[in-house]
Each structure stands twice: as structure tokens, then as C-alpha cells.
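>
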Amino acid sequence: MVDLSALRSKNRLFYVLLAVAGLVALGGMYAVHMMESHGHIISGMNNQIVWGIPHVFAIFLIVAASGVLNVASIGSVFGKAVYKARAPLASLLSIAMLGGGLTVLMLDLGRPDRIIVAATNYNLTSVFAWNIVLYSGMFSLVIVYLWTMMERRMNPFNKAAGLAVFVWRFVLTTGTGLIFAFLTARQAYGSALLPPMFIVLSFAWGLAVFHVVQRVIYLWNEKSLDPAIQQRTKNLLGVFVIGSLYMVATYHLTNLYFSHQTGFEHFILLNGGSITNMFWWGYIVLGNLLPLLLIYTPGLGKTKCVIAASSLVILGAFAFLYVFIIGGQAYPLNLFPGYEVSSSFADGQIATYQPSLYEFLLGFGGLAIAFIITTVSVRVLNFMPQDKPYIAD
Amino acid sequence: MSDLNSQRRQFLKTTLGASAVAIAPGMLLYGMAHSKSAAASDKVRWGMLIDTAQCKEGCNDCVTACNKQNGLSGGTKPTDSQFIRKISIKDVSTGYEQSLPMMCQHCEQPPCVDVCPTQASFKRADGIVLVDRHRCIGCRYCMMACPYKARSFVHEPLTDQNPDVPRGKGTVEACNLCVGRIDNGQTTACAEACPNNAILFGDLNDANSEIALKIRSVASTQVRADLQLNTGIRYQGL
Amino acid sequence: MKLLVTLLLCLCIPAAWAADANMPKLDVGAGGQCVKDTQWMRKNHMHLLKHQRDESVRKGVRSEQDSLKNCIECHASTKDDSVIAREDSFCAGCHRYAAVHIDCFECHASKRKAVKAALAEKEVQ
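Chains as they are written, first to last, in the working numbering: chain R, 114 to 506; chain Z, -19 to 218; chain W, 14 to 138.
The structure is reproduced here in C-alpha cells:
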């Protein structure tokens, strides 16, 4: 006998959640409207910090959107049944986050009304322009991939679609890394290490998001996840976190070795104030060490620990991107190496940045859009992972 | 069904054709009837040679002239546009101090043009790097890419612009080498305003121009020459 | 199909009558015809402006006659020197009537240059 009243209250909870997310998205729209009518003056961004909080949110969502597909790829490309059962949910999350991230990115433009211009005037040397193709291609590919999984007649094409998605997501994250890697003049960027670093980061962030969403869906449906599966994906998260820590360490250590980069590294690692704190406490401690402890300490590593670790990895991701994007711009460009420089345009000075409420509204609006796409889809279609009795493969 | 489709297609074709026939001759005739100024030529490469020895610390005349020419407020908040700015530099090891104007260096290989997704940043045939505000979507990627921090973003709605220099909210802007004045046969506002004639403007490609002659006879440098962007603005005495 | 189109067109006729009656009376400034006749310009001015804008911004081909600045020079109101300031201003009046958004004046000056220069001089004095 199904408990009707419980079902009803759950139903109500669903709509309440949806309404709350709708309100948050509306808040984002309000921020866009305000920035449209007043200009970016009401944001904290300026001529020194040209990309701010909206870009932190957008890049997190886009990178995680590609990373979450890793779960699907392990299933489809490498044939692991445990992951294959999770491929539909991973694909859905990817579409949702990509949608949210791109919305934020588009709406932060100075002239979002000219988006048709971006689509019709195409500069072949611009990574941004490549990314327009990469993002829309990813969207369509993942939708086709989902179709091959959810429609029985399309099943034979699943392997091919899975492979295409696998390749595409690597290219896509490379493209995201290249946005920064191609900036020759900035101390923080302009390194060939950035695309692979973003790929490894995407693995960790995507899997972390997946863990959290999967947990919520299991709780909602009053199911429990097979501990053996939990164990496997938990260990994978651990490996990804270690991998990303390695990449970030390599990035900073190589910089430290070049004397023309030490000034920048000192700023990030030692005397950057909030940036430095954000790096060590936010990214290293909260985003890496604590999750690793939660995952690997003997006796820990149960469901609660995995979810806590995943949430911390997500938090760490925001801290990392803040340091990378804001910190990277705050350090002045080196126009005259060997000279002390000053001017009315903040040459030679560390730029200050005070993010405004509107930027956060826009960023959270993007998260809300991803949330809405996910919850509605999970409700109307069957994205629940269907595990066969666990067999190690 | 297919009959209906072909009918519809026919209808569309006819209307489109008719409107094209109606407009085209007008445009054509019109184009022939009016003479226009010649297009920017790729034989020319506009540039400047800035003599830092003649540039005085504390003098801001070039900046003022630029602000007036381009209708800038002259404010120096982090959100205000600055096309040209005076930079004071001091050699860390020797203590030697200099002052010089810094603006868009009008590179031959401009990073801003490479990264612009819509080709709003572009280099004119005569080497002037410009922003086509009709295409700029305000993504600010060029500001990230510029090694000289030459670009500004218009953060607020503007009114009462200079009719010769349109500029508006949500787009990126920078020194345009006074392109309108150049097309008029004039020199740039900053070069004209400099009391010590520290800024020499001219055609780098014309072997007999004053700037080309001088560049052959004195040592000049490009800022961030290591990036090999081949800037149009050169500095003497740096 | 033909019948449908004919019907739709028939519906347009009264609308067109009504429209003509409400045509805005525009303040055409000094007015006059320098490019083409009024009807042609009503229909095609945007093509000219767009063509000219790309030619002059990207190639440096400047034609005094086709420039937006030159249009404003003659067509700005003789009262307030603007093409958008009032209900019946030259650009704004018609665009409001046709419900077509003009993007030009977010960047371009909407007043004639001569006046601006005179004003600036006055300020200096």
C-alpha cells in the first residue's frame, strides 16, 4: 500500500523546490536587466578586473559539465557496467550545467542583444568563436547520445555516440583552457599547461557534482546505493582530486622557477591577502586536503563522508576559479620589465575588486537554471541509475 | 502537399526576386553618382615615434587633448575609459626615472584582433587597430589579451558624444589613432598638443617621411618587443 | 494557398487606410532632398546607412553625403537640434510609429555638430 499523504507532501516539496529555483533564476534575470539599463558600472568589474564573479560561475558550470560526462564515457567507451547505468544521468547533468553556464556567460556580455552578431560574424582565429561551435556541438551530441540510450531502436548507435561525446568533451575542455592559454601577455595565463589542467580539474569537479546529485536522487526515491559501487566511485574521486592537485602544483612550481614569474607567484601564494587565503584555505585545505582525508582515512569514506568530500571539492572549485580568474587579473601586466611603474590607469598596482550583489545574482541564476533542467527532467523521464546486482569488472 | 510546397516556394522566389530588382538598380546608380574618399591603403603604415627625453613628468597635455578629441570624461576611476595615459617608470636597479605616454600600440600582429570572436577588433589596411562598435558584443576578451592594457570598457550609458567619435555603453574602446582626423589629412590630437613635440606621427612605410627618416637614424624600441607584435608606436630614449 | 494570401492582403487594406490617417507629422528640420526622393529614402535609408557604416569604419571610405552625421546635420529639428528628443523628431517620430527600435543613438550623437561646437565655445567664454 502506497502512503498517499507522504506522496502528496513529496509532490508539494517538488513544486516548492521548483518555485524557489525559479525565483533564484528570476533574480538572475533581474540582475541582467539592471546591468542592461545601468551598464556594468553596477557590477564590481572594471577596466582592470574585466572578468568577475559571473565568469567564475560560468566556467565552473562549463568545466563541470564536460567533467561529469566522464562517468558516461567510462561506461560507454570503456564498457564498465556500473558507470554505464549512470550514463543517462551524467548526460543530463552535462546538458543542464552547460545550459546554465552558457546563459551566465551570454548574459554578462556588454551587448547581449547582439548575440546574433556573434553567430553571423565569425573570426576563425578566436578561441571564443571556436567555443561557440564546441558548446553547441556538445549540446547536440549529448542529446543524440541520450537518445541512443533511452530509445531502444537507437541502442546500436550508442557506442559510436559515446565515443563521439568522449572525444568532443576533451576538445571542449581544451578549448576552455585555451581561452586562458592564448593570453600571451598575462603572467597568470599564457601557459600550455592550462588545457590539460582544466581537463583534470573537470574530472574531479564533474564527478563531485555527480555524487551529490546522485545522492539526492537516491534519497528522494528512498533507495540506497550499493556500497561496492559507492566505494568505486569514491576512490575514483580521490584519484581525480590527487590528479588535479598535481596539475595545479606543477603550474605554480614551474612559475616559481622562472624569475620573471616569481612576483606573480608571491602575490598568489604569499601576500595577495584575500586571494592568498582563498588559495590556501579555500582551494588547498577545503577543496583538496579535507576531501582526501574524508575519502582515504580508514573507517571514514561512508556515504556521508563521500557527499561531504564532494561538496567540498565543489566549494574548492569556486575558490580555485576565483584565485585563477580574479587573482590572475589583479596582478598588474608587466609592461616594462625591470622598472617600477605607476600611472592613472593602475599600471604597476594590484587591482582591487569588490564583487557586487548583481554578479552573484547572475551566477546563482545560472546554477538555478541547471537545477531546474535537472529536476524537471529527472521527474518526467527515467534517469535513475538501474544497477544489476553488482559484479566487479 | 508537394504541389502546395512548390507553389509556396514559387511565391517566395517571386517576391524576393521582385524586391531585389526594385532595390538593386537604385543602390547601383546611387553608388556611381557619389564620389567618396579613397579607402585606407595598405601601402601606408601609420605610426608614431615618441621621444621620452622630450616628454615631461607632470605634463598631461596629450591626455587632455585626447579626452577632448574623443569626448572622454577625463575621469580616472577604474571604470572610466582612458585612451592614452602618462606612465612614470623608474629603473629598479639604477633609480633612473622617465615619463612617457602609453596607448594602443597599433600592432601589426594585434592579439586583440586574434581573440575577438566577432571580428569587431580589426586592423585597417593602413595599420590602425580599431573596434567596430557595431559588431562588439562586449565580451572583453580583447582587454584580457592586450599586453599594453590599452583598452577600456564603457561601463555606463553615454549621452552627448562627439559627433565625430561615436561611443556607447557595453562596448570596448581604445586609442583609434584619431582615425577620423587621419582620413581628413590631419595629425593625431596628442601629437598636435604636445608642447615639446615629443610625439612624431607619420607613415612608417613612406621612406621620405619625417618619421621614417628619424627611425632610421636614432635608436628606437618597441614596448614588450619580446612579444614580437611589431608595434606601430615606437619609443626613443627608453 | 492563393486564397489565403488574398484574404490576408484584403485584411491589410483597412489597416493601411487607418495607418495613413495616423501618419506622424514629423519635424524634418531644414529638410530638402540630397540623396533620393522621400519615398525611396523611407524604405531604404537603413541599407544606405548600414552600407556606409561598414565602408567607413572598416575600410576608411568616407562619404560626406551618406553619413549619419550628414543626415542629422539637415534633418535635426530647428528648435532643439535633435533627431530623437521629441515625439515628432525626425528619426524618433517615425520609428516610434513603425515600432522599430533604433540602436544608432546609444553611440552616435543625436544632435547636429555645428550646434555642439557653438555650445562648447559658449562654455569656454
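All residues carry an ideal CB built from backbone N, CA and C; glycine is no exception.
Going by DSSP in three states, R:Val454 sits in which element: helix, strand or coil?
In this structure, R:Val454 counts as strand in the three-state DSSP scheme.
> If you count every other CB in all the chains shown that lies within 10 Å of the CB of W:Met59, and 16 or more means buried, which is it?
Classification of W:Met59: exposed, given that the 10 Å Cβ count is below 16.
> Beta carbons nearer than 8 Å to chain Z: which residues of the region 71 to 98 of chain W have them?
Within the region 71 to 98 of chain W, the residues whose Cβ lies closer than 8 Å to some Cβ of chain Z are Arg71, Lys72, Gly73, Val74, Arg75, Ser76, Gln78, Asp79, Lys82, Ile85, listed in chain order.
> So, at 7 Å on beta carbons, what are the nonlocal neighbours of R:Leu247 in its own chain, with the 5 sequence-adjacent residues on each side left out?
Cβ neighbours of R:Leu247 beyond the five flanking positions: Val284, Leu285, Gly288.
> Using DSSP with H/G/I as helix, E/B as strand and the rest coil, what is R:Trp318?
Helix.
> Please specify which runs of the alpha helix (DSSP H), each continuous and at least 4 residues long, are wholly inside the region 351 to 419 of chain R, giving them in chain order.
Within the region 351 to 419 of chain R, the complete alpha helix (DSSP H) runs of at least 4 residues are 375 to 382, 387 to 390, 403 to 409.
> What did DSSP end up calling R:Gly213 once you bin it into helix, strand or coil?
Residue state, collapsed to three classes: helix.
> Going along chain W in order, which residues have a C-beta closer than 8 Å to the C-beta of Z:Ser17?
Residues of chain W passing the Cβ test: Gly73, Val74, Arg75, Ser76.
> Which residue's Cα is closest to the Cα of Z:Asn40: Z:Gln62, Z:Arg214, Z:Thr139, Z:Asp206?
Taking only the C-alpha atoms, the option nearest Z:Asn40 is Z:Gln62.
> Starting from W:Ala65, trace the alpha helix (DSSP H) both ways and give me its first and last residue.
Per the sequence shown, the amino acid found at residue 65 of chain W is Gln instead of Ala. Here the alpha helix (DSSP H) through W:Gln65 covers 51 to 67.
> Determine contact between the region 452 to 459 of chain R and the region 65 to 84 of chain Z, defined as no fewer than three beta-carbon pairs at a distance below 8 Å.
Segments in contact, yes.
> Starting from the Cα of R:Asp460, find the closest Cα among R:Ala305, R:Ser469, R:Gly303, R:Leu446 and give me that residue.
Of R:Ala305, R:Ser469, R:Gly303, R:Leu446, the residue nearest in Cα terms is R:Leu446.
> Can you look up Z:Arg204 in the DSSP assignment and give me helix, strand or coil?
It is coil, neither helix nor strand.
> Verify the contact flag: R:Gly429, CB atom, against every heavy atom of the ligand PLP, threshold strictly below 7 Å.
Among the components of this structure there are no ligands whatsoever, and the ligand PLP is therefore not found.
> Can you tell me the Cα-Cα spacing of R:Asn495 and R:Ala321, whole angstroms?
One C-alpha to the other measures close to 22 Å.
> Output needed for Z:Lys23: all residues of its chain with C-beta closer than 7 Å, excluding positions within five of it in sequence on either side, in chain order.
These residues qualify, in order along the chain: Asn185.
> If you follow the beta strand (DSSP E) that R:Tyr435 is in, where does it begin and where does it stop?
From DSSP, R:Tyr435 is part of no beta strand (DSSP E); its letter is neither H nor E.
> Give a yes or no on whether the minimum CB-CB distance between Z:Val72 and chain R is below 8 Å.
Yes, its Cβ sits closer than 8 Å to a Cβ of chain R.
> With a cut-off of 8 Å, do at least 3 Cβ pairs link the region 478 to 494 of chain R to the region 225 to 236 of chain R?
No, the region 478 to 494 of chain R does not touch the region 225 to 236 of chain R.
> Could you pull the start and end residues of the alpha helix (DSSP H) that Z:Asp41 belongs to?
Taken as a continuous stretch (DSSP letters only), the alpha helix (DSSP H) holding Z:Asp41 covers 41 to 50.
> Where do the ends of the beta strand (DSSP E) carrying Z:Glu77 lie?
Its beta strand (DSSP E) spans residues 77 to 83.
> Quick check on Z:His14: does DSSP put it in helix, strand or coil?
At Z:His14, the pLDDT of 49 sits below 50, so the modelled position is not reliable; the number obtained from the coordinates is stated separately. In the structure shown, Z:His14 sits in coil (DSSP, three-state: anything other than H, G, I, E or B).
> Where does Z:Lys23 sit, in a helix, a strand or coil, going by DSSP?
Residue state, collapsed to three classes: coil.
> Residues in the same chain with beta-carbon distance under 6 Å from R:Ala443, minus the five sequence neighbours each way, listed in chain order, please.
For R:Ala443, where only same-chain residues beyond five positions count, the Cβ hits under 6 Å are Ile463, Ala464.
> According to DSSP, what are the bridge partners of Z:Leu110?
Answer by DSSP bridge pairing, in chain order: Z:Phe102.
> What first and last residue would you give for the beta strand (DSSP E) that runs through Z:Phe181?
Per DSSP, Z:Phe181 belongs to the beta strand (DSSP E) from 179 to 183.
> Helix, strand or coil: which one does DSSP assign to R:Val491?
It is helical.
> With burial defined as no fewer than 16 other Cβ atoms inside 10 Å of the residue's Cβ, what is the status of R:Leu130: buried or exposed?
Exposed, since its Cβ has fewer than 16 Cβ neighbours within 10 Å.
> From Z:Leu9 to R:Ala144, what does the alpha carbon distance come to, in whole angstroms?
Annotation note: pLDDT 45 at Z:Leu9 (below 50); position unreliable, coordinate value reported separately. When rounded, the distance between both Cα atoms is 49 Å.
> Could you confirm whether any beta carbon from chain R is found closer than 8 Å to the beta carbon of Z:Pro58?
At least one chain R Cβ lies under 8 Å of Z:Pro58.
> Express the C-alpha separation of R:Gly376 and Z:Asn47 in angstroms, rounding to a whole number.
Going by the C-alpha atoms only, they are around 34 Å apart.
> Please list, in chain order, the residues of the region 89 to 114 of chain Z that have any C-beta partner in chain W closer than 8 Å.
Per Cβ criterion, the list reads Phe102, Arg104, Ala105, Asp106, Leu110, Asp112, Arg113, His114.
> On a CA-only basis, which of Z:Val93, Z:Thr98, Z:Ile64, Z:Asp94 is nearest Z:Met82? Give me that one, please.
Of the candidates Z:Val93, Z:Thr98, Z:Ile64, Z:Asp94, the one whose C-alpha sits nearest the C-alpha of Z:Met82 is Z:Ile64.
> Which ranges does the alpha helix (DSSP H) cover as unbroken runs of at least 4 residues, wholly within the region 74 to 111 of chain W, from first to last along the chain?
List check, alpha helix (DSSP H) in window: 81 to 88, 103 to 111.
> Could you please tell me which residues of the region 210 to 242 of chain R, in chain order, have their CB closer than 8 Å to any CB of chain Z?
Of all residues in the region 210 to 242 of chain R, Leu222, Gly223, Arg224, Pro225, Arg227, Ile228, Val230, Ala231, Asn234, Tyr235, Asn236, Thr238, Ser239, Val240, Phe241, Ala242 have a Cβ within less than 8 Å of some Cβ in chain Z.
> If you follow the alpha helix (DSSP H) that R:Ile187 is part of, which residue opens it and which one closes it?
Unbroken alpha helix (DSSP H) run through R:Ile187: 166 to 189.
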